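What the sequence shown shows, in my numbering, is residues 4 to 255, in sequence order.
The C-beta atom is built at its ideal place from N, Cα and C for all residues, glycine as well.
Values in this document were obtained by computation on a predicted structure and should not be read as measured data.
Below is one structure; the comments refer to it alone.
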Amino acid sequence: MKFLPFLTIFSILSAQWSSQSAYLLEKDRKEVSIFRPFKYGMKNGSELSVNKFLLMPSLSVKQEMSPYGSWKMARLFRLEYPTPGLKWLQSPLGKEMGDPNMGALISPQFFIPHMLSFYVSAFGTKGSLKSGQLSLSSGLGLALNAKKLSDDATIDLPIIYSRLSVYFNGLIINFGGEYYRKLSKSINYLIDYKMYLMPGGRGRYSFEQQGLLMWQASSTFTFSFGYKLIAGEYPFGSQAHLLPTFDIQFGW
4 MKFLPFLTIF SILSAQWSSQ SAYLLEKDRK EVSIFRPFKY GMKNGSELSV
54 NKFLLMPSLS VKQEMSPYGS WKMARLFRLE YPTPGLKWLQ SPLGKEMGDP
104 NMGALISPQF FIPHMLSFYV SAFGTKGSLK SGQLSLSSGL GLALNAKKLS
154 DDATIDLPII YSRLSVYFNG LIINFGGEYY RKLSKSINYL IDYKMYLMPG
204 GRGRYSFEQQ GLLMWQASST FTFSFGYKLI AGEYPFGSQA HLLPTFDIQF
254 GW
């Protein structure tokens, strides 16, 4: 039980992570990693993603669109149900040991209603992996039935705060880009950025920039490591963080 808060954090990260590329998985290909959702390439130019951690259920569908000039285009629709995960963050360990606030990321005094969020995003990609592939993205998210959630129930941590802000503000807007290039047969690198705008929130924006080096040992195994820079506003003020990142991906 003491590991459930950490599992919930992984659920939040896994539900929200998505590539900004307009390229989709090939038909019947499957991919899964530590921080990414399970992805499945479907027919008719679609890709299905499901969060593998059930504490933060989410489902998304990415679809091909007609190209715009030299840009390959795609759109994404995602539905998320955060209530089970947020309730677990109200310290199941502390409740067992007689101290409700022990280890709690959200105090048990706050009511967590049943909420849903819906996201829509658009992606454009041009170029090739050999010469460099540029992708741009934009999107927005809306939350339903979040008015009963207290503004004081935020989790004021980097990455987490911006991902959950839609349930406190009712709306989140994001845009970003990424540059992806192959250095050798098995080594690739990626540089990306993403901006989150949170109208009406006590933290109004968050900027994330990431650099990754990826070793693709085969079509079934990829290991990546790098950094993520996060700078933004929180309810207590502005702050910046530099965090190491890594991921292990399997595909078949």
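Per DSSP, Lys90 is one residue of the alpha helix (DSSP H) stretching across Thr86 to Trp91.
According to the DSSP assignment, Phe171 belongs to the alpha helix (DSSP H) that extends over Val169 to Asn172. Rounded to the nearest angstrom, the gap between the Cα atoms of Gly203 and Phe41 is 33 Å. Rounded to whole angstroms, Val64 and Ser110 show a C-alpha spacing of 34 Å.
Three or more beta-carbon pairs separated by less than 8 Å are not found between the segment 178-185 and the segment 147-158, which leaves the two stretches without contact. About 7 Å separates the beta carbons of Gln213 and Thr248, which is inside the 8 Å limit, making them a contact pair. Between Ser168 and Ser227, the alpha-carbon positions lie close to 28 Å from each other. By the CB criterion at 8 Å, Asn172 and Gly142 fall outside the cutoff. The criterion of a C-beta distance shorter than 8 Å is satisfied by Glu83 and Ser120. For Tyr237, the beta-bridge partners assigned by DSSP are Gly240.
According to DSSP, Lys30 shares a beta bridge with no other residue. Per DSSP, reduced to three states, the secondary structure at Ser153 is coil, with no helix or strand assignment. Look at Ile163 here: in three-state DSSP terms it is helix. Contact between the segment 126-137 and the segment 27-37 is absent: fewer than three C-beta pairs spanning the two stretches fall below 8 Å.
The secondary-structure analysis by DSSP pairs Trp74 across a beta bridge with Tyr71.
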